[in-house]
Amino acid sequence: MSKHITHWIGGTLVATAGSAPRRGDIFDPATGKVTGQVDFAGIAEVDAAVSSAAGAFAAWRNASVAKRTTVLFNFRELLNARKDELAAIIVSEHGKVHSDALGEIARGQEVVEYACGIPQLLKGSFTEQASTGVDVYSIRQALGPVAIISPFNFPAMVPMWFFPIAVAAGNTVVLKPSEKNPSAALFIAELWKEAGLPDGVFNVVHGDKVSVDRLLEHPDIKSVSFVGSTPIARYVYETGTRYGKRVQALGGAKNHMLVLPDSDLDLAADSAINAGFGAAGERCMAISVLVAVEPIADELVDKIKQRMATLKVGPGCNGDSDMGPLVTGVHRDKVTSYLDSGLADGAELVVDGRKHPITEADANGSGTADGFWLGPTLFDHVKPGMSVYNDEIFGPVLSVVRVSSYEEGLELINSNPYGNGTAIFTNDGGAARRFQNEVEVGMVGINVPIPVPVAYYSFGGWKASLFGDSHAYGEDGVHFFTRGKAVTSRWLDPSHGGLNLGFPTNA
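In the UniProt record's numbering, the protein residues as written are 1 to 507.
The structure is reproduced here in structure tokens:
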């Protein structure tokens, strides 16, 4: 049965009854079939969502921290109880395997749990008797309605990088998820309502550039959080700041994994597979370039090639699939085009993903040859200047670059315009410590291929991978979604309260 996805405004689904003037198709990537349609918001729908958020802001901002924390804990419990349902939704519209979808939810849940500590995170400072009879203290207060524009590759985790802290701090939210897989956002909205979040605090609008542009220019939106490609991140940052908004825009990546000759090559090969082909390479933290310091390249490439042959590519709902399809046919075709361009540029195509066997449909017909398939692909002898090296492919394509020394590998990484994530594999502590100091990248892994920080640190890259001064979640996230205020006070007379022998409680 074809599903119809519409907006969530003011705590309920918008009743369009098929009247939305613009819509987009939703696909099952494993079959290539259209499974539903999503309404695209126009200016009126975006304005309604922002109005709902603005109307709910005063009451939510003034709700006690204890009340807001209770709602956060309720949401956490509901998400834990229903995570398998949310994972199935992600699989059906994104294509990633079920275990990967559960992992995405778990990493997003870390930020929810971090936000549950908002009473501690919002604590200010206090100086008594800064001057005679004068006290000075600092507080942090919510911004107002905030916008979140999230990508297709993590329809649950990336929004959860932002909205738990935003909501906990007293803001209201308008989320614009990817139109490619919009259903997860509505599932999350329903969980918030069940958790006791007041209507209007969390809203969802679907759509394309029309809705994005309206959020960027709307005078009531106080901040914008974005994750996507570098060209769009730059556009969001420049447009949002031009309209006076606080903006954090996380862009693209070309993540390198530097493998030194002293490293455990089996561990390095396993890590390259896991980080290069998980979620079909549709991760901003995926390893897409393996930098092998000679003389280990031949042996390492052979180990990776052997492991790639064992990967099972098939429908994400099949329990034995290691890798699912790509998100759309258009994206699959774009990624596949890099196999031809890489060969034309002179790289060696060691493993051609177009020839990888695809698991047949299961008993429920959840996968067919018409799905958006491309198996894991490996290039060797790749050099800067080749399109497979320069571009963020965002698919299951791993490129091997051979270098003669640590210094050459470091220079390669630092010369790249992106600076999102990187990793070094070595058993030399001195080399690892030197690398973490010298590499010009925002997130560094030492024998860890995907160094996504835990929730109480912050996520974000350098150079063309980040626009704005604030990283996502962690302490940066708390500061992004709040404004500091310093208060200087003098009280000439003490105040007196009445009698109450009851035990004091929070309310």
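We put the beta carbon where it would ideally sit given N, CA and C, even for glycine.
All values derive from a computational prediction rather than experimental measurement.
How many angstroms separate the CA atom of G324 from the CA atom of I90?
-> Here the C-alpha atom of G324 lies approximately 12 angstroms from the C-alpha atom of I90.
Work out the CA separation of M257 and L191 for me, nearest whole Å.
-> Using only the alpha carbons, I get a separation of about 38 angstroms.
For E407, which residues from the same chain have a beta carbon less than 6 angstroms from its beta carbon, with the 5 sequence-adjacent residues on both sides left out?
-> Closer than 6 angstroms at the Cβ level, and outside the excluded window around E407, lies no residue.
Can you find a CB in chain E that lies within less than 9 angstroms of the CB of I43?
-> Judged by its chain identifiers, the structure shown contains no chain E, having just a single protein chain.
Pick out whichever of R490, L410, I149 and S337 has its Cα sitting closest to the Cα of T132.
-> Per the C-alpha coordinates, the member of R490, L410, I149 and S337 positioned closest to T132 is R490.
Please work out which residues of its chain come closer than 7 angstroms, Cβ to Cβ, to L13, disregarding the five sequence neighbours upstream and downstream, and give them in chain order.
-> Cβ neighbours of L13 beyond the five flanking positions: T6.
Residue environment, I26, which counts as buried when at least 16 other CB atoms sit within 10 Å | Counting C-beta atoms within 10 angstroms of its own C-beta, I26 has 16 or more neighbours from the protein chains shown and is therefore classed as buried.
Whole-angstrom distance between G276 and V313, CA atom to CA atom | Take the alpha-carbon of V313 and the one of G276: they are about 14 angstroms apart.
Completely contained alpha helix (DSSP H) runs for the stretch 123 to 191, where each covers 4 or more residues = Listed in chain order, the complete alpha helix (DSSP H) runs (minimum 4 residues) inside the stretch 123 to 191 are 157 to 168.
Three CB pairs or more closer than 8 angstroms across the stretch 53 to 72 and the stretch 128 to 145 | They touch, by the three-pair rule.
DSSP on V313, reduced to helix/strand/coil?
-> Strand, per DSSP.
A101, buried or exposed, once every other Cβ within 10 Å from all chains shown has been counted against 16 = In the assembly as shown, A101 is a buried residue. Its beta-carbon has 16 or more other beta-carbons within 10 Å.
Beta-carbon separation of H98 and G319 under 9 angstroms?
-> G319 is positioned such that its CB atom lies closer than 9 angstroms to that of H98.
Of the choices V259, V227, K180 and H94, whose alpha-carbon is the least far from that of F40?
-> Ranking V259, V227, K180 and H94 by Cα distance to F40 puts K180 first.
Count the C-beta pairs between the stretch 391 to 402 and the stretch 262 to 278 that are closer than 8 angstroms, then say yes if the count reaches three, no if not.
-> The stretch 391 to 402, when compared against the stretch 262 to 278, does touch it at the 8 angstroms Cβ threshold.
At least three beta-carbon pairs within less than 8 angstroms, the stretch 63 to 82 to the stretch 303 to 311 = Output reads no: the stretch 303 to 311 does not touch the stretch 63 to 82.
Go to A279, then tell me how far its alpha helix (DSSP H) extends in each direction, as first and last residue.
-> Segment: none, A279 is in no alpha helix (DSSP H) and carries neither H nor E.
Alpha carbon of G460 to alpha carbon of D213, nearest angstrom = Straight-line measurement puts the Cα of D213 at about 24 angstroms from the Cα of G460.
Check I5 in the structure and name its three-state DSSP category.
-> If DSSP states are grouped into helix, strand and coil, I5 belongs with the strands.
Assuming L412 contacts V291 under a Cβ cut-off of 8 angstroms, what Cβ separation, rounded to an integer in Å, is found between them?
-> Confirmed, about 6 angstroms.
Buried/exposed call for R402, threshold 16 Cβ in 10 Å = Result: buried.
I think P164 touches V112, with their Cβ atoms under 8 angstroms apart; what is that distance to the nearest whole Å?
-> At roughly 5 angstroms, the Cβ-Cβ gap stays under 8 angstroms, so P164 and V112 are in contact.
Please classify D25: does DSSP put it in a helix, a strand, or coil?
-> Note: D25 maps to strand in three-state DSSP.
According to DSSP, is Y456 helix, strand or coil?
-> In this structure, DSSP gives Y456 a state outside helix and strand, which the three-state scheme calls coil.
Cα-Cα separation, A347 to G103 = Going by the C-alpha atoms only, they are around 34 angstroms apart.
What did DSSP end up calling F503 once you bin it into helix, strand or coil?
-> For F503, the secondary structure class from DSSP, reduced to helix, strand or coil, is coil.
Starting from R402, follow the beta strand (DSSP E) in both directions and report where the run begins and ends.
-> Unbroken beta strand (DSSP E) run through R402: V397 to V403.
Can you tell me where the beta strand (DSSP E) with N74 in it begins and where it stops?
-> N74 -> not in any beta strand (DSSP E); alpha helix (DSSP H) instead, spanning V65 to A81.
Select from A272, G24, D208 and K123 the residue whose C-alpha is nearest the C-alpha of P449.
-> With distances taken between CA atoms, P449 lies nearest to A272 out of A272, G24, D208 and K123.
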